[in-house]
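Q: Residue numbers (the numbering used here): -11 to 225. What follows is a single structure, and I will ask about it in a moment.
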């Protein structure tokens, strides 16, 4: 989502401007990353996909403290703005039956605290059509509503559908339309022409992130708490 009305100061200034390849935008895309697994590949695919679509806005990666530095560096070199956030957890008496993976969703929700989201986008919210958020299960549950030729954004959320983990063994994963979408993802991921082009000194460093945290209390990133105490969680994006 590229929300309108995010303060201009968010991506202003020489440090952040260089970091985002000259972006000076009131808008941006935000994604989430956790763990030391291979979900960073999904973020790289997203960053390159946004460039393929000629996006005018930068990609901000809100990440938990357990994301390794080597993965952060890969994302910076793809032009991403990496921002560490403080993880949150459900009440202790509510986790005994919860899968560890879903506990991460509490940290995801920290990016959008509900009241803030309702107030900030009160007059801007618009539901997006299926072509901008194709959940793969729609292909076999409501195929009459899907026109793959018109789809702009694919949500690879069905079991076994993550392109970088795809084996075709899970249920529905042998469908030809799934294979087509997985191949399209790999075509973008492997396209070197979509790699971030930047000067050596425009790759974000710790100093850049420190300045970023000080931009403004009203900016989008200022609403995302910084990391404090942390318990590692499964990889996710």
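From the three backbone atoms N, C-alpha and C, an ideal C-beta is built for every residue, glycine too. Small disclaimer: the values here were computed from a predicted structure and weren't measured.
Do you know how far the Cα of residue 177 is from the Cα of residue 37?
A: Whole-angstrom Cα-Cα distance: 8 Å.
Q: Is the segment 114 to 126 in contact with the segment 35 to 49, if contact means three or more CB pairs nearer than 8 Å?
A: The segment 114 to 126, when compared against the segment 35 to 49, does not touch it at the 8 Å Cβ threshold.
Q: Can you give me the C-alpha to C-alpha distance between residue 202 and residue 123, rounded to a whole angstrom?
A: Caution is warranted here: a pLDDT of 36 is assigned to residue 202, below 50, making its placement in the model unreliable, and no coordinate value can be reported.
Q: Using DSSP with H/G/I as helix, E/B as strand and the rest coil, what is residue 143?
A: It is a strand residue.
Q: Within 10 Å of its beta-carbon, does residue 22 have 16 or more other beta-carbons around it, so buried, or fewer, so exposed?
A: Residue 22 comes out buried.
Q: How is the alpha helix (DSSP H) around residue 233 delimited, first residue to last?
A: The displayed coordinates of the chain run from -11 to 225. Any statement about residue 233 would go beyond what the structure contains.
Q: Distance check for residue 97 and residue 80, CA to CA, integer angstroms please.
A: Residue 80 and residue 97: Cα-Cα distance of roughly 18 Å.
Q: If residue 18 and residue 63 are in contact, beta carbons under 8 Å, what's the gap, nearest whole angstrom?
A: No, residue 18 and residue 63 are not in contact; Cβ-Cβ is about 13 Å, not under 8 Å.
Q: Starting from residue 69, trace the beta strand (DSSP E) in both directions and tell me its first and last residue.
A: That run of the beta strand (DSSP E) goes 69 to 72.
Q: Span of the beta strand (DSSP E) holding residue 51?
A: Note, residue 51: beta strand (DSSP E), 47 to 51.
Q: For residue 194, is the classification buried or exposed, using 16 other Cβ atoms within 10 angstroms of its Cβ as the cut-off for buried?
A: The predicted model places residue 194 with a pLDDT of 40, which falls under 50 and marks its position as unreliable, so this point remains unresolved.
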